[in-house]
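The next block holds one structure in the form of structure tokens; read it before the comments.
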Amino acid sequence: MDVDQVKTTNSKLLLKSSFKSVKTIDSIYTGGKVLVTNDESLLITTLNEDIVVTELSTGKQVHRLEGDTEIVTTMAVKPDSKHLVSASRSLQMRIWDLQTGQCIRTTKAHEAPVIVMDIDHSSTLVATGGADGVVKVWDIDRGFCTHVFNGHRGVVSAVKFHYMNGQWYLASGADDCEIRIWNLQTKKCIGVLQSHVSVIRGLDFSADGRTLISGSRDKVVNVWDWQSKQLKTTYPIYETLETVGFIATSTDLSAYDERWQNEELFYTGGDGGLVRIWDLKTGQLVQAQEKEENSKHTITDVIYSPKSQLLAAVTNDQNVLIYSIPQQLDRIKQIVGYNDQIVDIAYLGPDETHLGAVTNSQVLRVYNVETQDCELLYGHQDMIICVDRSRVDGTLFVTGAKDRTARLWKMELDQDSNKYKYECIGVCVGHTEAIGAVALPNKSTNFLLTGGQDRTVKYWHLQDLKKNDKPRALYTHQAHDKDINTIAIAPNDKVFATGSQDKLVKMWSVDSGELLGTCKGHKRGVWSVQFSPVDQVIATSSGDKTVKLWNVRNFTCIKTFEGHTNSVLRVDFLTAGMQLVSSGSDGLLKVWTIKTNECETTMDNHTEKVWALAVRKDQRYIASAGADSVVNFWEDVTREEQEQELKEKEDFIIKEQELQNFMHKKDYLNAILLALSLEQPYRLLALFKTVMEENSQPGSITGSTAVDTILAEMGTQNLEKLLGYIRDWNTNAKHAHVAQTILNGILSTHSSEEIVELANAKEIIDGLLPYTDRHFQRLDDFITQSYIVDYTLHAQKS
Numbered sequence: 057m058d059v060d061q062v063k064t065t066n067s068k069l070l071l072k073s074s075f076k077s078v079k080t081i082d083s084i085y086t087g088g089k090v091l092v093t094n095d096e097s098l099l100i101t102t103l104n105e106d107i108v109v110t111e112l113s114t115g116k117q118v119h120r121l122e123g124d125t126e127i128v129t130t131m132a133v134k135p136d137s138k139h140l141v142s143a144s145r146s147l148q149m150r151i152w153d154l155q156t157g158q159c160i161r162t163t164k165a166h167e168a169p170v171i172v173m174d175i176d177h178s179s180t181l182v183a184t185g186g187a188d189g190v191v192k193v194w195d196i197d198r199g200f201c202t203h204v205f206n207g208h209r210g211v212v213s214a215v216k217f218h219y220m221n222g223q224w225y226l227a228s229g230a231d232d233c234e235i236r237i238w239n240l241q242t243k244k245c246i247g248v249l250q251s252h253v254s255v256i257r258g259l260d261f262s263a264d265g266r267t268l269i270s271g272s273r274d275k276v277v278n279v280w281d282w283q284s285k286q287l288k289t290t291y292p293i294y295e296t297l298e299t300v301g302f303i304a305t306s307t308d309l310s311a312y313d314e315r316w317q318n319e320e321l322f323y324t325g326g327d328g329g330l331v332r333i334w335d336l337k338t339g340q341l342v343q344a345q346e347k348e349e350n351s352k353h354t355i356t357d358v359i360y361s362p363k364s365q366l367l368a369a370v371t372n373d374q375n376v377l378i379y380s381i382p383q384q385l386d387r388i389k390q391i392v393g394y395n396d397q398i399v400d401i402a403y404l405g406p407d408e409t410h411l412g413a414v415t416n417s418q419v420l421r422v423y424n425v426e427t428q429d430c431e432l433l434y435g436h437q438d439m440i441i442c443v444d445r446s447r448v449d450g451t452l453f454v455t456g457a458k459d460r461t462a463r464l465w466k467m468e469l470d471q472d473s474n475k476y477k478y479e480c481i482g483v484c485v486g487h488t489e490a491i492g493a494v495a496l497p498n499k500s501t502n503f504l505l506t507g508g509q510d511r512t513v514k515y516w517h518l519q520d521l522k523k524n525d526k527p528r529a530l531y532t533h534q535a536h537d538k539d540i541n542t543i544a545i546a547p548n549d550k551v552f553a554t555g556s557q558d559k560l561v562k563m564w565s566v567d568s569g570e571l572l573g574t575c576k577g578h579k580r581g582v583w584s585v586q587f588s589p590v591d592q593v594i595a596t597s598s599g600d601k602t603v604k605l606w607n608v609r610n611f612t613c614i615k616t617f618e619g620h621t622n623s624v625l626r627v628d629f630l631t632a633g634m635q636l637v638s639s640g641s642d643g644l645l646k647v648w649t650i651k652t653n654e655c656e657t658t659m660d661n662h663t664e665k666v667w668a669l670a671v672r673k674d675q676r677y678i679a680s681a682g683a684d685s686v687v688n689f690w691e692d693v694t695r696e697e698q699e700q701e702l703k704e705k706e707d708f709i710i711k712e713q714e715l716q717n718f719m720h721k722k723d724y725l726n727a728i729l730l731a732l733s734l735e736q737p738y739r740l741l742a743l744f745k746t747v748m749e750e751n752s753q754p755g756s757i758t759g760s761t762a763v764d765t766i767l768a769e770m771g772t773q774n775l776e777k778l779l780g781y782i783r784d785w786n787t788n789a790k791h792a793h794v795a796q797t798i799l800n801g802i803l804s805t806h807s808s809e810e811i812v813e814l815a816n817a818k819e820i821i822d823g824l825l826p827y828t829d830r831h832f833q834r835l836d837d838f839i840t841q842s843y844i845v846d847y848t849l850h851a852q853k854s
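Taking this note's numbering, the leading residue of the sequence shown gets 57, the next gets one more, and so forth.
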């Protein structure tokens, strides 16, 4: 065995005692407006009353702009990406600096909430349309209103700036079904366009500026010659529209058809859930995205990015789906805004680079751990409850759901197109109630075990599956008297264990389904069961707040781990079976050492129940997720912390020796500086006392000009630290003389302004004053008493 292998082995066997949260997958969007900056670097989303700014390429959060107590209604970003303008139900309009994340101005905009916004291409003006039917135009940088337009008889639902022939115009639409054109120079309405019979949801001008298109919930797009106020044509779209807009004519559409190359195109999105592109001249459908199986979302907005020719569809289930126009609307990226409760997770892929998350929905979300890109896997018709993956290569995984089916998925990460990376290869149909537990074997991919609310366990034969095959159940057994919550298969694939709400854990033969034994001892339902990777034991967690270890030979309880203050929802083995990690309804993760029964560390970064745990193969990382909609990635930093602690001890010993040497040589200058760096106030006190007692230079404050110089030239950090020590020494009458002398040295060489600017100045001064007054009072008493002694001596002489 070479050195590297020895190191690897020792690293695996090192008991883990410290973890830190190094990454999170958190909610960034809960509905409302979504923006992408013109340079495509930032994604801006609304999270209740806050605004989240995220790097589009990495998923890293840049800013969280804290709003007031009311939900953000709309927002717009400058084309130069420097500022963001937002409005909320509190009637306040705010301007944010996107570089610093600071709010630079707050203004009351309308008498009712602002519903829509648009910023002109020069990044100078912002138009706001309110629920009060008023349209206003504002100078963003100067912060004042330049125009107020009245005329709409309902809520303003769309606004769009337009610049043509040296003139500025503004188009607005409302739920009065009218479109009004405003001239910003004359401040008058120059046209009212009437044809729609429902609320206007989208407005856009063509590249040549002569054509205006409007989309409405009346399921049509109108094409206008806005200068002559004439309706040119109407195109039926056959869905309730939420957005419409032009696509740049320079777009490469050779992937579609050469005939579209020089045509004007526009996009639409609505309750049909599809992004579609249309020809402006004929109204013919050019391209539509491929509909996802069983998807039920609607589109609330579409963001067009000319730079990369992308269309980002914002859906009502809080996701952002990004499509490439040149690639025939192939989906190239998905951003999940909100996860709801996360009830189960599993590492996926040959190198465990992805994480599958079950999130109280019909869709399985598969995250790339590094980039946080997400794929949505459609197929189930009801809420997914559980997920498990094959230990062979991680590319086969299974989900169980309330639709009473289990679906088998195959991952092919080397596929170019996202829609071919994940494929459903099997659907297990047979349970009569929701499936609550699924398990794949450790050494093969030949079978699957499922259990659920019908209290049965089924064994499914999986060989030679093709797309959407239906595997056969070779046996079905009534396993428990209540819902089955968990299934685990032994490392040798010979036996499996089930845990149920009936408080029991049962062991079964995989081949025959024969019951081998029952583990009794939990006082509440069993939530999780896991086999040790090395020993013939299993770990279970329960609603009785305990984790138990069981012998699989005689089914007796070996150990019980107590420490969680609520139900323990998950448990797994660590460190070659020598430790356990558990998570519970108390929002905590705990790492236990089996031999000592002790909790080595507690991890706290969740605010609600931690439903799910996933341990990576190398056990370097643990993922946890729960009811707070957050996935935390915990890194094992035990070795690093031990090495750091050892290094600090070595440095401390070396500095201790140096301090002894300086004191021996009477090099007080270096000794004081070193004592300060070592944070040893007692040593420092002894040093100052020695210097004062020796008083080698009577003209100095401390007895040494070198020490006086140190006090005069001391930096802010050391000065604050020393004043803190002086405050503590000053509380003891025995050390008050030294404390007052050093304080005199500091006050004589540092101005009061320097002292006041220290971070803890008030606290230090408040601590010094009462004890200093007490010491001076004591000295006054001594002086008064000395007069009595003088008088007595004088009286005796006379």
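Ideal Cβ placement from N, Cα and C applies to all residues, glycine included.
Could you check where the alpha helix (DSSP H) with residue i kicks off and where it finishes?
i	result
Trp-785	772-785
Gln-833	817-853
Ser-804	792-805
Val-812	808-812
Ala-768	761-769
Contact check, residue i vs residue j under 8 angstroms by CB: the rounded distance?
i	j	result
Val-561	Cys-575	4 angstroms
Ala-457	Thr-506	11 angstroms between Cβ atoms; not a contact.
Met-886	Ile-151	Any question about residue 886 goes unanswered here, given that the chain covers just 57 to 854.
Cys-430	Gln-390	5 angstroms
Leu-71	Met-634	7 angstroms
Leu-814	Glu-776	5 angstroms
Ser-262	Glu-319	12 angstroms between Cβ atoms; not a contact.
Gln-365	Ser-380	7 angstroms
Quick one, are the C-beta atoms of residue i and residue j less than 8 angstroms apart?
i	j	result
His-578	Lys-538	no
Phe-75	Trp-690	yes
Leu-601	Glu-408	The sequence given here places Lys at residue 601; Leu does not occur at that position. Not closer than 8 angstroms, so no.
Pro-270	Asn-278	Rather than Pro, the amino acid found at residue 270 in this sequence is Ser. A contact, by the Cβ cut-off of 8 angstroms.
Asp-327	Thr-296	yes
Gly-492	Thr-86	no
Cys-480	Gly-412	no
Asn-239	Tyr-219	no
Asp-459	Gln-437	yes
Gly-573	His-533	no
Gly-759	Met-770	no
Val-172	Ser-144	no
Cα-Cα, which of the options is closest to residue i?
i	options	result
Asp-197	Val-141, Gly-87 and Ile-237	Val-141
Trp-282	Gly-247, His-252 and Leu-297	Gly-247
Asn-800	Asn-221, Asn-786 and Glu-813	Asn-786
Glu-735	Ile-614, Tyr-781, Gln-158 and Tyr-531	Tyr-781
Asp-386	Ala-344, Leu-181, Ile-256 and Glu-426	Ala-344
Val-182	Lys-164, Gln-592 and Thr-202	Thr-202
Lys-134	Ile-175, Asp-829, Gly-301 and Pro-826	Ile-175
Asn-855	Arg-236, Asn-372, Val-687 and Phe-200	Within the shown structure, residues of the chain are numbered from 57 to 854, placing residue 855 beyond reach of any answer.
Gln-383	Ile-333, Val-370, Gly-265 and Val-624	Ile-333
Glu-298	Val-370, Lys-363 and Lys-352	Val-370
Output the boundary residues of the beta strand (DSSP E) element that contains residue i.
i	result
Tyr-225	223-230
Phe-744	Note, Phe-744: premise wrong, no beta strand (DSSP E); alpha helix (DSSP H) at 737-750.
Asn-375	375-380
Leu-147	Looking at the DSSP string, Leu-147 is not in any beta strand (DSSP E), and its letter there is neither H nor E.
Leu-625	624-630
Leu-69	Run containing Leu-69: none in the beta strand (DSSP E); it sits in the alpha helix (DSSP H), 59-69.
Under a CB-based cut-off of 8 angstroms, is residue i close to chain D?
i	result
Gln-471	As a matter of chain content, chain D is missing from the structure shown, which is built from one protein chain.
(message) For the structure I just gave you, are there three or more beta carbon pairs, one from the stretch 446-462 and one from the stretch 490-509, closer than 8 angstroms?
(response) Yes, they touch.
(request) Count the CB pairs spanning the stretch 89-104 and the stretch 668-684 that are closer than 8 angstroms, and state whether there are at least three. (result) Short answer: they don't touch.
(message) Using 8 angstroms as the cut-off, can you tell me whether the stretch 354-371 makes contact with the stretch 483-490, which would need three or more C-beta pairs spanning the two stretches below that distance?
(response) A contact between stretches requires three or more CB pairs, one per stretch, nearer than 8 angstroms, and the stretch 354-371 fails this requirement with the stretch 483-490.
(request) State whether the stretch 508-515 contacts the stretch 529-544, with contact taken as three or more CB pairs (one from each stretch) at a distance under 8 angstroms. (result) Counting C-beta pairs closer than 8 angstroms gives three or more between the stretch 508-515 and the stretch 529-544, which meets the contact rule.
(message) With three or more beta-carbon pairs closer than 8 angstroms as the criterion, would you say the stretch 152-167 touches the stretch 115-125?
(response) Judged by pairs of C-beta atoms under 8 angstroms, the stretch 152-167 touches the stretch 115-125, as three or more such pairs exist.
(message) Closer than 8 angstroms is the cut-off here; do at least three beta carbon pairs connect the stretch 579-588 with the stretch 544-561?
(response) The stretch 579-588 vs the stretch 544-561: in contact.
(request) Specify whether the stretch 656-674 and the stretch 634-644 touch according to this definition: at least 3 beta carbon pairs, one from each stretch, less than 8 angstroms apart. (result) For the pair of segments examined, the stretch 656-674 was found to touch the stretch 634-644: the number of CB pairs separated by less than 8 angstroms reaches three.
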